[in-house]
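Here is the structure we will look at, set down as structure tokens.
In full-length UniProt numbering, the protein residues as written are 1 to 46.
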């Protein structure tokens, strides 16, 4: 199976990244991030 290309405007992909990010933050005792901040940061990844 081939990897799925990242599309910053795909809400399903952003929701997955935001959920994974906030779960990881929770596990390390960090503050959760806002979905739109996560989308902005992820959108800068080339």
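By construction, the Cβ of each residue, glycine as well, lies at the ideal position given by its N, Cα and C atoms.
Which whole-angstrom value is the C-beta distance of residue i and residue j, which I expect to be below 8 Å?
i	j	result
residue 14	residue 35	7 Å
Report all residues from its chain with a CB closer than 7 Å to the CB of residue i; omit the five preceding and five following residues, and keep chain order.
i	result
residue 27	none
Excluding the 5 residues flanking residue i on each side, which residues of the same chain have their C-beta closer than 8 Å to its C-beta?
i	result
residue 8	14, 39, 42 and 43
residue 18	33, 35, 38 and 39
Is residue i helix, strand or coil by DSSP?
i	result
residue 6	coil
residue 43	helix
residue 34	coil
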